[in-house]
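Trainee:
Number of protein chains: 2
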Amino acid sequence: MPRTADTKEQILDAAEALFSAHGIEGVSLRSLTKEAKVNLASVHYHFGSKEAVVKAAFARCIRPVNRERLALLDQLEKEAADGHLGVEAVLFALFSPTMKLARGSSERQSFVRLCARLYSEPADYLEPFFEDEFREVMKRFEAAFARALPGLPQHELRSRMRFAVGVMAHTMLDCGRTHNWTAGKGDETDAQAILASMVRFVAGGMLARPGRMTPAREEAVA
Amino acid sequence: MPRTADTKEQILDAAEALFSAHGIEGVSLRSLTKEAKVNLASVHYHFGSKEAVVKAAFARCIRPVNRERLALLDQLEKEAADGHLGVEAVLFALFSPTMKLARGSSERQSFVRLCARLYSEPADYLEPFFEDEFREVMKRFEAAFARALPGLPQHELRSRMRFAVGVMAHTMLDCGRTHNWTAGKGDETDAQAILASMVRFVAGGMLARPGRMTPAREEAVA
DNA sequence: GTCTATAGGGGGATAGAC
DNA sequence: GTCTATCCCCCTATAGAC
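Listed in order, the protein sequences are those of chains A and B.
Count along the first sequence starting at 1, add 105, and that's the number in our numbering.
Count along the second sequence starting at 1, add 105, and that's the number in our numbering.
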C-alpha cells in the first residue's frame, strides 16, 4: 500500500469515485469498502451510517469550492468597491472553482460529477444539508448579481440564478461523458474553453432585457 | 376501481409517479406493483424486467413531447421559409412541449421531473436509449439554430445547445420543489411565466457574441 | 481500531397452479 | 393473464473476538 492515508480518508476517496460514477443508491457499502481496501465494519465505526458517509463525502468536496467562490467574490468586490461590478466577473467567481476541480487528478475529476448528481438525487435527507452548505454562497452572489444587474426585478434575478446553476450542473454532468467535449484534445485546454463559453452564454442570459414573449407565442401555450 | 385501464398502463402510471419521486434505484418492483394495485409477477409477464419498465415509462413520456417539438418546428420553418428564423421562436418550440406537461393533471406533473432525472441517472443501459429517442430532435434543432444564428461556429453552437438543455433540465427538476417557484399562485400562470423567462434567458445566451474572456480572468484559471 | 460472522430485511426474477 | 410461493441474491447494521 503506497499511501499512508488513514482509513477514514480512504473511505471518502472511494465514496467520491463510486458515488459519482453510480449514484448513491447504486453504491453499496460492500463495493465501497472493497474499493477503499478497508473492512466493511470500519465504515460504521468511523461514520455510523451510509447516510453520514454521503454527507461527509459531499462536504469534503464542496466546502473548499464554496470557500474559493467567496474568496474570489471578496476580491472582486474590493477591486470594484467604487464602481461597476461586471456580470462576467461575478460568473467567473461562481463557476471557475468547480471547473478547476475538473482538471485535477483523475481521482478528483469525479468530484465534479458527484456534486452535480447530488443536486438531482432525490434523497430527502440531502435537501436541508444542501441548503445549509450553499446558503452563504447564494446570499452573497444574489447580492453581487443584484449590483451587477441594476433594475432587474428580484424575482427575475432569482429565476436567472437558477438558470445559471442549471447550466453549470448540466455541464458538470456532461463533462463526464467525454465524447461530448472532444473538440479540445485534453482536460487542460478544454476546461478553460468550456468555462469561457459558459460565462459568455450565461452573461448573455443574465443581461437579456426582461420582458414578455410575442403575443402569438403566449397564446400557443395557453 | 373507477378506471378501466389495463394492467400494463396501471404499471406505467405508477412507474412515472414513483420513479420521478424516488429515482430508478429508489423504487422496487414491490413498491411499484403495490402502487399500481397489480400483482408483482405481472410486471415480468408484461415487460420482462425492471429495465424494460423504465424504458417503456420513459418512452411513453417523451415521445409525444418530441413529436410536438418537431411539429412546432415544422410549422415555424414553413412560416419563415423565405426569411429570418427567430431564436426565441426556435427555443419556444424546444421548451414549450415540456412545460405543457408541467401544467397537466397531478399524475402528469411528475413526468417532467422524471425526464429531467433520467438524464442525470447513471444507468448505463439508458444512454443509448436516450440517444435514439433524441437523435431526430437534436439534428433538426441544431439545423434550426444554425439558421437562426448565422456565423456562430458549429462547436460553439453545440456547446450552447447543451447549455440550453441544462437550463431546461434543471428548471424541470426545480419545478418539483414548489417552494422555489412561489411567485405565482398556481401552475397555470407560473408555467407560462417560467417558460417566458427561460426563453428570454437562453435567447440572450445564444445570441451572445462568442469570444474570449478578459486576459486577467484567463490567467486565474490557468 | 480492526476484524469475522451473522442477524434481519429487501431486492429481482421465476415456477407452476389456476 | 393472473396469482402464490419461493429461490437466491445483496443489502445495512451490529455483536463480539482480537
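Just so you know, even glycine gets a beta-carbon here, dropped at the ideal spot from N, CA and C.
Keep in mind that this is a model prediction, so the values were computed, not measured.
For A:F306, which residues in chain B fall below 8 Å Cβ to Cβ?
Mentor: Position 201 of the first sequence, counted from the first residue, corresponds to residue 306 of chain A. Within 8 Å Cβ-Cβ: S264, R265, F268, G310, M311, A313.
Trainee: According to the neighbour-count rule (16 or more other Cβ atoms, all chains shown, within 10 Å of its Cβ), is B:A146 buried or exposed?
Mentor: Your numbering for residue 146 of chain B matches position 41 in the second sequence. It is exposed - the Cβ of B:A146 has fewer than 16 other Cβ atoms within 10 Å.
Trainee: Span of the alpha helix (DSSP H) holding A:Y230?
Mentor: Counted from its first residue, the first sequence places residue 230 of chain A at position 125. Here A:Y230 belongs to no alpha helix (DSSP H), and DSSP marks it neither H nor E.
Trainee: Using a Cβ-Cβ cut-off of less than 7 Å, give me the residues of the region 122-134 of chain A that come near chain B, in sequence order.
Mentor: A126, H127, G128, E130, G131
Trainee: Count the other CB atoms within 10 Å of the CB of A:S133; is the residue buried (16 or more) or exposed (fewer)?
Mentor: Here residue 133 of chain A refers to the residue found at position 28 of the first sequence. Per the 10 Å Cβ criterion, exposed.
Trainee: Buried or exposed: B:A186, going by 16 or more other Cβ atoms within 10 Å of its Cβ?
Mentor: The count along the second sequence starts at 1 and reaches residue 186 of chain B at position 81. Exposed: under 16 other Cβ atoms inside 10 Å.
Trainee: Chain A partners of B:S215, CB-CB under 8 Å?
Mentor: Indexing the second sequence from 1 puts residue 215 of chain B at position 110. What B:S215 touches in chain A: nothing, since even the nearest Cβ is about 11 Å away.
Trainee: Looking at C-beta atoms only, is the number of pairs between the region 247-267 of chain B and the region 161-170 of chain B that lie closer than 8 Å three or more?
Mentor: Too few Cβ pairs lie closer than 8 Å, so no.
Trainee: I want to verify the contact list: residues of chain A whose CB lies under 8 Å from the CB of B:T276, in sequence order.
Mentor: As a working note, residue 276 of chain B is residue 171 in the second sequence. R267, F268, G271, listed in chain order.
Trainee: From the beta carbon of B:M303, is the nearest beta carbon of chain A less than 9 Å away?
Mentor: The residue you call residue 303 of chain B lines up with position 198 of the second sequence. Chain A, which has a Cβ nearer than 9 Å to the Cβ of B:M303, makes this yes.
Trainee: Rounded to the nearest angstrom, what separates A:R267 and A:E184 at their Cα positions?
Mentor: Position 162 of the first sequence holds residue 267 of chain A. Position 79 of the first sequence holds residue 184 of chain A. So the two alpha carbons sit approximately 26 Å from each other.
Trainee: Are any of the Cβ atoms in chain B nearer than 9 Å to that of A:G188?
Mentor: Working through the first sequence from its first residue, we reach residue 188 of chain A at position 83. Judged by the 9 Å Cβ criterion, A:G188 is not in contact with chain B.
Trainee: Taking B:P227 as the query, report the chain A residues whose CB atoms sit under 8 Å from its CB, ordered along the chain.
Mentor: Your numbering for residue 227 of chain B matches position 122 in the second sequence. One finds A126, H127, G128, G131, R222 in chain A with Cβ atoms closer than 8 Å to the Cβ of B:P227, taken in chain order.
Trainee: Could you name the residues of the region 250-262 of chain A whose beta carbon sits closer than 8 Å to any beta carbon of chain B, in the order they occur along the chain?
Mentor: H260, E261
Trainee: What runs of the alpha helix (DSSP H), each 4 residues or longer, lie entirely inside the region 120-185 of chain B?
Mentor: 134-141, 147-151, 155-184
Trainee: With 9 Å set as the bound, which would you pick, yes or no: does the beta-carbon of B:D179 sit closer than that to a beta-carbon of chain A?
Mentor: Mapped onto the second sequence, residue 179 of chain B falls at position 74. Not closer than 9 Å to any Cβ of chain A, the Cβ of B:D179 fails to qualify, so no.
Trainee: Any beta-carbon of chain A closer than 9 Å to the one on B:D237?
Mentor: Start at 1 with the first residue of the second sequence, and residue 237 of chain B comes out as number 132. It does not; no Cβ of chain A falls within 9 Å.
Trainee: Between A:A207, A:L223, A:R252, which lies nearest to A:A298 when the distance is taken from Cα to Cα?
Mentor: Start at 1 with the first residue of the first sequence, and residue 298 of chain A comes out as number 193. Ranking A:A207, A:L223, A:R252 by Cα distance to A:A298 puts A:A207 first.
Trainee: Report yes or no: is there a C-beta of chain A within less than 9 Å of the C-beta of B:I299?
Mentor: Position 194 of the second sequence holds residue 299 of chain B. Closer than 9 Å to some Cβ of chain A, the Cβ of B:I299 qualifies, so yes.
Trainee: Looking only at C-alpha atoms, which of A:L219, A:R174, A:V192 sits nearest to A:F124?
Mentor: Translated into the one-based positions of the first sequence, residue 124 of chain A becomes position 19. The residue with the shortest Cα to Cα distance from A:F124 is A:L219.
Trainee: Let me make sure I understand the geometry here. Which of B:P227, B:G309, B:E247 has the alpha-carbon closest to that of A:L278?
Mentor: Stepping through the first sequence from its first residue, residue 278 of chain A is reached at position 173. For A:L278, the nearest C-alpha among the options comes from B:P227.
Trainee: Under three-state DSSP, which class holds A:D111?
Mentor: Position 6 of the first sequence, counting from 1, holds the residue named residue 111 of chain A. Coil, per DSSP.
Trainee: For B:A207, which of helix, strand or coil comes out of DSSP?
Mentor: Here residue 207 of chain B refers to the residue found at position 102 of the second sequence. Note: B:A207 maps to coil in three-state DSSP.
Trainee: Since B:D279 meets chain A, which of its residues come closer than 7 Å, beta carbon to beta carbon?
Mentor: Within the second sequence, numbered from 1, the residue matching residue 279 of chain B stands at position 174. Within chain A, the residues near B:D279 are R267.
Trainee: Once DSSP output is grouped into helix, strand and coil, what is the label at A:A308?
Mentor: The residue you call residue 308 of chain A lines up with position 203 of the first sequence. DSSP places A:A308 in helix when its eight states are reduced to three.
Trainee: Is there a C-beta anywhere in chain A that falls below 9 Å from the one on B:G316?
Mentor: As a first step, residue 316 of chain B is located in the second sequence; it is residue number 211 there, counting from the start. So, interface residue.
Trainee: Pick out whichever of A:H275, A:G256, A:M311, A:L300 has its Cα sitting closest to the Cα of B:R305.
Mentor: As a first step, residue 305 of chain B is located in the second sequence; it is residue number 200 there, counting from the start. Closest by alpha carbon: A:M311.
Trainee: At which residues does the alpha helix (DSSP H) containing A:L262 begin and terminate?
Mentor: One-based indexing of the first sequence puts residue 262 of chain A at position 157. 259-280 is the extent of the alpha helix (DSSP H) around A:L262.
Trainee: May I have the straight-line CA-CA distance separating B:G153 from A:A274, to the nearest angstrom?
Mentor: Position 48 of the second sequence, counted from the start, is the residue given in the question as residue 153 of chain B. Position 169 of the first sequence, counted from the start, is the residue given in the question as residue 274 of chain A. Approximately 34 Å, taken between the alpha carbons.
Trainee: With a threshold of 16 other CB atoms inside 10 Å of the CB of B:P202, please say whether the residue is buried or exposed.
Mentor: Taking the first residue of the second sequence as position 1, residue 202 of chain B is located at position 97. Classification of B:P202: buried, given that the 10 Å Cβ count is 16 or more.
Trainee: Assign B:R314 to one of three DSSP states: helix, strand, or coil.
Mentor: If you number the second sequence from 1, residue 314 of chain B lands on position 209. Coil at B:R314, not helix or strand.
Trainee: Given this structure, state the Cα-to-Cα distance separating A:E193 from A:A308, to the nearest angstrom.
Mentor: Counted from its first residue, the first sequence places residue 193 of chain A at position 88. Counted from its first residue, the first sequence places residue 308 of chain A at position 203. Each residue's Cα considered, the two are about 6 Å apart.
Trainee: Go ahead and pull the three-state DSSP assignment for B:D295.
Mentor: Within the second sequence, the letter at position 190 stands for residue 295 of chain B. Helix.
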